[in-house]
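K.L.:
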Amino acid sequence: MKGQTVERISIRWLPDPAFEDTRTIALNVGGYFIDLRSTKEKPTIQWSHAGELIVLNEEPFTCRWTHIIDSLGFTDPDEASFTKLPNGDELEVGETKCPHKNDAMTPYEEVWRDVTSHANPEEPSWIIRSREGNTFIGRVGNISQANSLGPNGFSARREDFSRESGQWEATFEGGHATTIPRVAEVLKEMKQKSSWSIGDSVTIQGIEFSIIALEDN
């Protein structure tokens, strides 16, 4: 799957009304994703996870997401189908555990918007994973996200590229995010080679990562 950044516009737990109380962004690259959902008030990790993104069907477009690491400890994969709305957004329909209903399996609807933007379109989209398997860092265009599950719990960071300053700025950090390498450090190492391939290794802050997804824009 070509690198894509999508932002959730709303969620609805049927039959209740739709709402949005988070900034929820997912990075999709190749067969992997990093999903980070941070609350708007007193920003904390509401839910964050990373894993495989598997296309099950083209019509209707249907996907499965595995949970290699998950802040809520979910391990069962999710499945949902998508339909395009008149304004270009995507409506996701599925069923999953609802935290507002004691984790009861509940039908839901989510509206997603493609917000992919590239200040430097010549730079590829990618997701890397630590050799231990517990840390994911990804970048698609002007947004980077990282999830990590360690002995002290779950940590996450979101960084947005500022066109004004020309720098990556952390817009959300939760848990022990300082233990996760910043995207600028990853990019610095990746610029040491003219080209990269899936399976290549890159070491940042003494941590060895493998490139698991890589897509030109």
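Going by my numbering, the first residue of the sequence shown is number -12, and it counts up by one from there. All C-beta atoms in this analysis are idealised placements derived from N, C-alpha and C, irrespective of residue type, glycine included.
State the DSSP-derived secondary structure class of P168, mapped to helix, strand or coil.
P.N.:
Counting from one through the sequence shown, the residue named residue 168 turns up at place 181. In the structure shown, P168 sits in coil (DSSP, three-state: anything other than H, G, I, E or B).
K.L.:
Spatial neighbours of K71 within its chain, please: C-beta separation below 7 Å, excluding the five flanking residues on both sides.
P.N.:
Here residue 71 refers to the residue found at position 84 of the sequence shown. Closer than 7 Å at the Cβ level, and outside the excluded window around K71, lie E77.
K.L.:
Closer than 6 Å by C-beta to I(-2): which residues in its own chain qualify, once you throw out the five before and the five after it? Chain order, please.
P.N.:
The sequence position of residue -2 within the sequence shown is 11, counting from 1. E97, listed in sequence order.
K.L.:
Please report the straight-line C-alpha distance between T11 and Q179, rounded to a whole angstrom.
P.N.:
Here residue 11 refers to the residue found at position 24 when the sequence shown is read from its first residue. Here residue 179 refers to the residue found at position 192 when the sequence shown is read from its first residue. Roughly 32 Å between the two C-alpha positions.
K.L.:
How big is the Cα-Cα spacing for E160 and R144?
P.N.:
Taking the sequence shown and counting its residues from 1, one reaches residue 160 at position 173. Taking the sequence shown and counting its residues from 1, one reaches residue 144 at position 157. Roughly 4 Å between the two C-alpha positions.
K.L.:
Relative to the C-alpha of V42, which residue among P64, G60 and L59 is closest?
P.N.:
To locate residue 42, count along the sequence shown from 1; it is residue 55. Considering only alpha carbons, the answer is P64.
K.L.:
State the CB to CB distance for the pair W0 and C85, rounded to an integer number of angstroms; the pair is presumed to be in contact (CB under 8 Å).
P.N.:
Within the sequence shown, the letter at position 13 stands for residue 0. Within the sequence shown, the letter at position 98 stands for residue 85. That pair is a contact at about 5 Å.
K.L.:
Looking at N121: is its Cβ nearer than 7 Å to the Cβ of F148?
P.N.:
Here residue 121 is taken as the residue at index 134 of the sequence shown, counted from 1. Here residue 148 is taken as the residue at index 161 of the sequence shown, counted from 1. Contact flag unset, no.
K.L.:
If you check the beta carbons only, do Q162 and G193 fall under 7 Å apart?
P.N.:
For this step, residue 162 is matched to residue 175 along the sequence shown. For this step, residue 193 is matched to residue 206 along the sequence shown. Looking at the sequence shown, residue 162 is not Gln but Gly. Their beta carbons are not under 7 Å apart, which means G162 does not touch G193 by this criterion.
K.L.:
When you compare the CB positions of S112 and E39, do they come within less than 7 Å of one another, or not?
P.N.:
Counting from 1 along the sequence shown, the entry for residue 112 is found at position 125. Counting from 1 along the sequence shown, the entry for residue 39 is found at position 52. Going by C-beta atoms, S112 is not nearer than 7 Å to E39.
K.L.:
Using only CA atoms, which one of M177, G125, I198 and G137 lies nearest to A13?
P.N.:
Here residue 13 corresponds to residue number 26 of the sequence shown, with the count starting at 1. Nearest C-alpha to A13: G125.
K.L.:
Per DSSP, D22 forms a beta bridge with which residues?
P.N.:
Counting from 1 along the sequence shown, the entry for residue 22 is found at position 35. DSSP, once it has assigned bridges, lists A13 and H36 as partnering D22.
K.L.:
May I ask you to list the residues that DSSP assigns as paired with A91?
P.N.:
Position 104 of the sequence shown holds residue 91. Paired residues: C85.
K.L.:
Just checking my contact of Q(-9) with V127 at CB under 8 Å: how many whole Å lie between their CB atoms?
P.N.:
As a working mapping, residue -9 is identified with position 4 in the sequence shown. As a working mapping, residue 127 is identified with position 140 in the sequence shown. Indeed they touch by this definition, with Cβ atoms about 6 Å apart.
K.L.:
Would DSSP call V102 helix, strand or coil?
P.N.:
For the purposes of this step, residue 102 is taken as the residue at position 115 of the sequence shown. Three-state result, V102: coil.
K.L.:
If you count every other CB in all the chains shown that lies within 10 Å of the CB of A171, and 16 or more means buried, which is it?
P.N.:
Looking up residue 171 in the sequence shown gives position 184. Answer is exposed; the Cβ neighbour count stays below 16.
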